[in-house]
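Novice:
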Amino acid sequence: MDASIEELAALVGGRVIGGPSATHITGAAAIADAQEGDITFFGNAKYLPALRASRATCALVPDGFDEAIPAVQIQVANPTLAFSKILEQLAPPPIVFAPGIHPSAVIAADARIGKDVAIQAHVVVEPGAVIGDRTVLGPNVYIGHGTRVGDDCKIYASASIRERCRIGNRVIIHSGAVLGSDGFGFEMANGRYVKIPQTGIVQIDDDVEIGANTTIDRARFGRTWIGEGSKIDNLVQIAHNVVIGKHSIIVSQVGISGSSRIGNYATLAGQVGVVGHIEIGDQAVVAAKSGVSKSIPAKQMWWGSPAGPIQEQKEQHARLNRLAKLMERVKRLEEQVAAKGTK
Amino acid sequence: MDASIEELAALVGGRVIGGPSATHITGAAAIADAQEGDITFFGNAKYLPALRASRATCALVPDGFDEAIPAVQIQVANPTLAFSKILEQLAPPPIVFAPGIHPSAVIAADARIGKDVAIQAHVVVEPGAVIGDRTVLGPNVYIGHGTRVGDDCKIYASASIRERCRIGNRVIIHSGAVLGSDGFGFEMANGRYVKIPQTGIVQIDDDVEIGANTTIDRARFGRTWIGEGSKIDNLVQIAHNVVIGKHSIIVSQVGISGSSRIGNYATLAGQVGVVGHIEIGDQAVVAAKSGVSKSIPAKQMWWGSPAGPIQEQKEQHARLNRLAKLMERVKRLEEQVAAKGTK
Amino acid sequence: MDASIEELAALVGGRVIGGPSATHITGAAAIADAQEGDITFFGNAKYLPALRASRATCALVPDGFDEAIPAVQIQVANPTLAFSKILEQLAPPPIVFAPGIHPSAVIAADARIGKDVAIQAHVVVEPGAVIGDRTVLGPNVYIGHGTRVGDDCKIYASASIRERCRIGNRVIIHSGAVLGSDGFGFEMANGRYVKIPQTGIVQIDDDVEIGANTTIDRARFGRTWIGEGSKIDNLVQIAHNVVIGKHSIIVSQVGISGSSRIGNYATLAGQVGVVGHIEIGDQAVVAAKSGVSKSIPAKQMWWGSPAGPIQEQKEQHARLNRLAKLMERVKRLEEQVAAKGTK
Chain B
1 MDASIEELAA
11 LVGGRVIGGP
21 SATHITGAAA
31 IADAQEGDIT
41 FFGNAKYLPA
51 LRASRATCAL
61 VPDGFDEAIP
71 AVQIQVANPT
81 LAFSKILEQL
91 APPPIVFAPG
101 IHPSAVIAAD
111 ARIGKDVAIQ
121 AHVVVEPGAV
131 IGDRTVLGPN
141 VYIGHGTRVG
151 DDCKIYASAS
161 IRERCRIGNR
171 VIIHSGAVLG
181 SDGFGFEMAN
191 GRYVKIPQTG
201 IVQIDDDVEI
211 GANTTIDRAR
221 FGRTWIGEGS
231 KIDNLVQIAH
241 NVVIGKHSII
251 VSQVGISGSS
261 RIGNYATLAG
271 QVGVVGHIEI
281 GDQAVVAAKS
291 GVSKSIPAKQ
301 MWWGSPAGPI
311 QEQKEQHARL
321 NRLAKLMERV
331 KRLEEQVAAK
341 GTK
Chain S
1001 MDASIEELAA
1011 LVGGRVIGGP
1021 SATHITGAAA
1031 IADAQEGDIT
1041 FFGNAKYLPA
1051 LRASRATCAL
1061 VPDGFDEAIP
1071 AVQIQVANPT
1081 LAFSKILEQL
1091 APPPIVFAPG
1101 IHPSAVIAAD
1111 ARIGKDVAIQ
1121 AHVVVEPGAV
1131 IGDRTVLGPN
1141 VYIGHGTRVG
1151 DDCKIYASAS
1161 IRERCRIGNR
1171 VIIHSGAVLG
1181 SDGFGFEMAN
1191 GRYVKIPQTG
1201 IVQIDDDVEI
1211 GANTTIDRAR
1221 FGRTWIGEGS
1231 KIDNLVQIAH
1241 NVVIGKHSII
1251 VSQVGISGSS
1261 RIGNYATLAG
1271 QVGVVGHIEI
1281 GDQAVVAAKS
1291 GVSKSIPAKQ
1301 MWWGSPAGPI
1311 QEQKEQHARL
1321 NRLAKLMERV
1331 KRLEEQVAAK
1341 GTK
Chain Y
2001 MDASIEELAA
2011 LVGGRVIGGP
2021 SATHITGAAA
2031 IADAQEGDIT
2041 FFGNAKYLPA
2051 LRASRATCAL
2061 VPDGFDEAIP
2071 AVQIQVANPT
2081 LAFSKILEQL
2091 APPPIVFAPG
2101 IHPSAVIAAD
2111 ARIGKDVAIQ
2121 AHVVVEPGAV
2131 IGDRTVLGPN
2141 VYIGHGTRVG
2151 DDCKIYASAS
2161 IRERCRIGNR
2171 VIIHSGAVLG
2181 SDGFGFEMAN
2191 GRYVKIPQTG
2201 IVQIDDDVEI
2211 GANTTIDRAR
2221 FGRTWIGEGS
2231 KIDNLVQIAH
2241 NVVIGKHSII
2251 VSQVGISGSS
2261 RIGNYATLAG
2271 QVGVVGHIEI
2281 GDQAVVAAKS
2291 GVSKSIPAKQ
2301 MWWGSPAGPI
2311 QEQKEQHARL
2321 NRLAKLMERV
2331 KRLEEQVAAK
2341 GTK
C-alpha cells in the first residue's frame, strides 16, 4: 500500500482535515496497533481515548467529528465502510501461482491433471489421483493414491491428503492440514491393542475451507464427510465417520469424536469438545470451551462442561455467585433457631 | 467394493429378502450415512426408525426380521459380525509401497538402510540414521542425525523426527507428527528468557501408533518415552521427559506437561490436560476434558477440572443440580422462622 | 556421553563412595527413569525411596549422605548443580548444519540469501524473499513471496511461512509450525459464508521461539505480532490480529482469538482459551485450562472457566467443597423448625 492521504480521501469521497494531505500512507491497522505511516478508522465511540493515543498518521472519522486527535483526519459518512474500501483497493496483490508443473514434482504417470493447474516444487501426486482444472498444489503437498481434487482448489504448502479421498471444487486447505489419516480405533485382545482397519475415506464438499494443521481422519468404513460451504479453523480434530453438514463453522482447537453428526448452519466455538455418536442440530451454537456429552436440538445454544442450554447454565452460574450469601443466611438461621430453642 | 447382493449373502451365509439379488453394492456405511449403492447393518433395535428412513440399497438384518424397510434385506444370525466380514473381504486393497529409494530422496552416505525399505519422494535421512527392514518412509519425511527407526514401521507423509531418537519396530507415525522437537524450557535472566538446552531424546517402543500432527518433545536430558503398544491420537502434546507406560491410550488433543508419568493400560480421554511432575497409575482412566493437577492412583477413574474421583464428582454434580431447590428451602425456613419470631 | 565415574567426580569436585570408580557412565536421567549406565542426582529428600529403587549406576548425593543405595555415589556440596555441570559438559554435540544450499532446494532467482546460510534439501524460497546471515532452513521448509527472515534463525523441517511475513533475528521455529495462514473470517451473504480477504501479515520479533505445529494466522489487515523474546510452545493457535508483547510465555495448546492483546512478561498456561478483542495485562498469569472471557488487569493471576481472580476462585471452590455439609445443615434446620411448629 502506498498512497497519499489526498488520494485516499478521493477514493472514499471524504474531506481531509488537520494536516498535510500529501503525506504518504503505507499501511492500515486498528487504532491500537497503528504505527507511523498507517491509516486507521474510528467506528465506535468507546475507542476515542485509544484514538487520541494512537500513533496512526491518518484516521477515518465521521462527518462533523470535532475532537482534537494527533492523526490527520479524513471525514466520511461511514468510516468503517470507507476503511474496507481502502483495504480492498490498496491491499497487496494476491500471490498468483502460474499454471505449470514444477520439474521437482513427482506425478504418477496415470494421474489425471486438469487444465491450467499449478503444481509447485516437491509435490507428490500418487497413481490414480485426479486434479481438477485451475487447482493450485503448494510446495511439498501430498496427494494420495486415487484421491480426487476438484476444480479451483487451493492446497497450501505441506498439506497431506491420503488415498482415495474426494475433495470438491473451490476447496481451500491450509498448510499442514492432514486429511485421510487412519481413524483411532483399536480392539483389546490378549492384553494388547489391535488396530481396526480404517478403510473408508474423507469427503470434502464444494466451498469448504480447512485450517492449518487441522486433522480429519478417514472413516472406519464409508466416509468422514464435511458438507458444502462449511468452514473449519486451525488445529481442529475431526475423528472418523464424523459428518458435518452444510455452512457450519468449526472454530480453532475443537475436537469432534467418532461418528458424531453436526447439522447445517451450526457453530462450534473454540476449544469445544464433542463426544462420539451424538447429534448437534441445525443452527445450534456451542459456546467456547464447552464439553458436549449429549445431543443438542436444532437452534439451541449450549454452554458449559458438561454443556447444557445456555439459559439454564447462566441461571446456575448466578446461583453459584450467591453461594457465599446463602451460607451466611443458613448460619443466621441456625443462630436464630438455637436462640429460640433456649428460650 | 463391488459385489452383488447375492454374492454378499453367500459370503456371510445369509438369505436375501425383498429385492433383486443381482443389484450391485459399491459401498458400506452406517444406517444414517448410507447412500444408494451402500450396504448397511441393523445391530441395535433403537435404530429401527433410522433403518426405515435409510437410503441404503441393502441391509444386514437378524434372522426372522419382519419389518418393512426400503432396503433389500440379507437376513443373518449376527448382522454386526456379518458386516465386519463384508468390510474385511471387500475393503479396498491397502496401498502398498514397493521397496526402493526414490531418486529425489536425499540419504546420507553413512545412513544404514535395511532390506526392502520403501523410501518415497523427497525424504531426507541424515548422517548416522538407521532405517530397519521393510520400513516405509512416506513423501517429505525427515529422519534426523543418528535417529534409529526399527523394522516394519510406517511413517506417513511429512512426519519429522529429529536427531538421535529411537523408534522401535512396527511403529506407525501419521502425517505431520513431530518427534524430538526441543522441550519448552527457559530460565529468566536479566529480564529475558534464556533457552535451557534440551539434550535428551525421544524413545518410542514397539507397536506404538502416533496420530497426525501430534508433537512429542525431546527430553531435557535422558528421554521422553512412549512404552510398548501405547496408542496416541491426533494433535496430542507430550512434553519433555514425560513417560507413558505400555498399552495406554491417549485420545486426541490431550496435553501432558513435563516429567509426568502415565502408567500401563491407562486411558486419557480427549482434551485432557495433565500438569507436570505427577503420576497417573496403571489402568487409571481420566474422562474427557478433565484437568489433572495431582497424581491419580492405579485403577481409579477421575473426572473434572480440577479432576477428582468420578464418584465424588458425580455426587457433587448432583448437589449442584439441587442448588435451586436448596435456595428455595432456605427462603421458606427464613419465612417460617420470621413468622414464629413475630408470634 | 561416555566418561568414567572417576572422571565425572573430578569434573564436579566430588568424592566417589561405594563402588568401582572406573565404571563407565553413558547417560544421565532422573532417578525414576535412570537405567544401567546412567548417572542421576539426589536433590530432594522425598525422592529417597525412589533413589533406593533406582537402576542408576551412579548417583550424585550431598556431602555426608549416609544411606545405603545400589548406585555408586559421588558426594558433592550441591548435587543438582553438579548434575547440570555434567550435562553441560557431556551433552552430545549439537547438530551443525554446514553453510550451503542443497541442490534440491528451489530458490527464486531474485530471493536475497545472506552469508553462511544453510538451506537444506527440498526447501522452497519464493520470489522476493530475504534470508539473513547464518540462518538455517531445515528440509522441506517453505518461505513465501516477499517474506523476510532475519539473521541467525533456525527454522526446522517442514515449517511453512507464507507471503510477506517478517521474522526477526535469532528466531527459532520448530517443525510443522505454520505462519501466515489466512485468518478465520467470513461474512454470511445469501445463506453462504463469503471469505473476508486476509491481507495483513505476521511479524515475529527478535529472539522469539515458536513450537512444533503451532499456527499463527496472518492479519485481516495490519499484522499479527509476536513481541521480542516471547516463547510459544507446541500446538498453540494465534488468530488474526493478535498482539503478544515482549517476553511472554504461551504454553502448549493455548488458543488466542482474533484481535486480543497479551502484554509483556505475561504467562498463559497450557490449554488456556482467550476470546477475541480483550486485553491481558503485563505480568498477568492465567492458570492452565482457564477460559478467559474478559480483560485481565496487569499483574493479576486468574483461573477458571470463565476465569476470574484466583483468590476469589479458590474461595468459591472452598465453598463448593462445603456444599454437602450445607445441605445437611439445612435439613437439620427444617427438622428443628418443623418440630417447634408441632409443639
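Protein chains in written order, with our numbering: chain B, 1 to 343; chain S, 1001 to 1343; chain Y, 2001 to 2343.
Glycine is no exception: its CB is placed at the ideal position from the N, C-alpha and C atoms.
From a predicted model like this one, the values you see are computed outputs, not experimental measurements.
Please report the distance separating the alpha-carbon of S/K995 from that of B/G183.
Specialist: What is shown of chain S runs 1001 to 1343, which leaves residue 995 of chain S out entirely.
Novice: Here's the rule I'm using: 16 or more other beta-carbon atoms within 10 Å means buried, otherwise exposed. How should Y/Q2237 be labelled?
Specialist: Buried, by the Cβ-count rule.
Novice: Would you call B/K343 buried or exposed, if buried means 16 or more other Cβ atoms sit within 10 Å of its Cβ?
Specialist: Unreliable placement is indicated for B/K343, whose pLDDT of 48 sits below 50; no coordinate value is reported for it.
Novice: Can you round the beta-carbon distance between S/T1267 and S/I1278 to whole angstroms, since I take them to be within the 8 Å contact cut?
Specialist: 16 Å between Cβ atoms; not a contact.
Novice: What are the uninterrupted segments assigned as beta strand (DSSP E) that are 3 or more residues long and contained completely in the region 32–64 of chain B, given in chain order?
Specialist: 38–41, 58–62
Novice: Determine the DSSP secondary structure at S/A1105, reduced to helix, strand or coil.
Specialist: coil
Novice: Using the rule of at least 16 other Cβ atoms within 10 Å of the residue's Cβ for burial, across every protein chain shown, is B/Q311 buried or exposed?
Specialist: exposed
Novice: Residues of chain S with CB closer than 8 Å to the CB of B/I317, please, in chain order.
Specialist: The sequence shown places His at residue 317 of chain B, rather than the Ile named in the question. Here the premise fails: no neighbours, minimum Cβ distance about 11 Å.
Novice: Can you look up S/H1024 in the DSSP assignment and give me helix, strand or coil?
Specialist: strand
Novice: What would DSSP say about S/V1337, mapped onto helix, strand or coil?
Specialist: helix
Novice: Assuming B/S181 and S/G1211 make a contact with CB atoms under 8 Å, what is their CB distance in whole Å?
Specialist: 7 Å
Novice: What are the residues that DSSP puts in a beta bridge with S/S1290?
Specialist: Partner(s): none; S/S1290 has no beta bridge.
Novice: For Y/S2259, collect the residues of the same chain with a Cβ closer than 6 Å to its Cβ; drop the 5 residues on either side in sequence, then sort them by chain order.
Specialist: N2241, G2276, H2277
Novice: What residue range is occupied by the uninterrupted alpha helix (DSSP H) comprising S/R1319?
Specialist: It spans 1310–1321 - the alpha helix (DSSP H) in which S/R1319 sits, taken as one unbroken run.
Novice: Can you say whether Y/V2194 is buried or exposed, counting buried as having 16 or more other CB atoms within 10 angstroms of its CB?
Specialist: exposed
Novice: Among S/A1269, S/T1080, S/I1201, which one has its Cα closest to the Cα of S/A1239?
Specialist: S/I1201
Novice: Compare the C-beta of Y/R2192 with all C-beta atoms of chain B and state if any pair is closer than 7 Å.
Specialist: yes
Novice: List, in order along the chain, the chain S residues whose C-beta lies closer than 8 Å to that of B/H240?
Specialist: Neighbours of B/H240 in chain S, taken as residues whose beta carbon is under 8 Å from its own, are absent, since the nearest beta carbon is some 11 Å off.
Novice: With a 10 Å radius around its C-beta and 16 neighbouring C-beta atoms as the bar for buried, classify S/E1088 as buried or exposed.
Specialist: Exposed: under 16 other Cβ atoms inside 10 Å.
Novice: What are the start and end residues of each continuous beta strand (DSSP E) run of 3 or more residues lying completely inside the region 1123–1208 of chain S, in chain order?
Specialist: 1178–1181, 1186–1189, 1192–1195, 1201–1204
Novice: B/A28 versus chain Y: which residues are under 8 Å apart at the beta carbon?
Specialist: What B/A28 touches in chain Y: F2221, G2222.
Novice: CB-CB under 6 Å to B/A32, same chain, minus the five flanking residues each way: which ones, in chain order?
Specialist: A50
Novice: On the criterion of 16 or more Cβ atoms from any shown chain inside 10 Å, does Y/D2066 qualify as buried, or is it exposed?
Specialist: exposed
Novice: 7 Å is my cut-off, CB to CB: does S/Q1311 come that close to chain B?
Specialist: no
Novice: Taking the alpha carbon of S/Y1265 as the point to measure from, which residue in S/Q1271, S/Y1142, S/Q1283 has its own alpha carbon closest?
Specialist: S/Q1283
Novice: At a cut of 8 Å, does the region 2095–2112 of chain Y reach the region 2048–2064 of chain Y through at least three beta carbon pairs?
Specialist: no
Novice: For Y/V2285, which residues from the same chain have a beta carbon less than 6 Å from its beta carbon, with the 5 sequence-adjacent residues on both sides left out?
Specialist: T2267, M2301
Novice: Going along chain B, which residues have a C-beta under 8 Å from S/M1327?
Specialist: R319, R322, L326
Novice: So with Cβ pairs under 7 Å, would you call Y/T2199 a contact of chain B?
Specialist: Yes, Y/T2199 lies at the interface with chain B (some Cβ there is under 7 Å from its Cβ).
Novice: Following the continuous beta strand (DSSP E) through Y/T2224, name the residue where it begins and the one where it ends.
Specialist: 2223–2226
Novice: Any contact between the region 2129–2149 of chain Y and the region 2161–2168 of chain Y? By contact I mean 3 or more CB pairs, one from each, below 8 Å.
Specialist: yes
Novice: Could you list which residues in chain S have their beta carbon closer than 8 Å to that of B/D217, in chain order?
Specialist: A1212, N1234
Novice: Can you find a CB in chain Y that lies within less than 7 Å of the CB of S/L1268?
Specialist: no
Novice: Excluding the five sequence neighbours on either side, which residues of its own chain have a C-beta within less than 6 Å of the C-beta of Y/I2173, listed in chain order?
Specialist: I2155, A2159, I2210
Novice: Per DSSP, what kind of secondary structure is Y/S2004 in: helix, strand or coil?
Specialist: Under the three-state reduction of DSSP, Y/S2004 is assigned to strand.
Novice: For B/E279, which beta-bridge partners are listed by DSSP?
Specialist: B/R261
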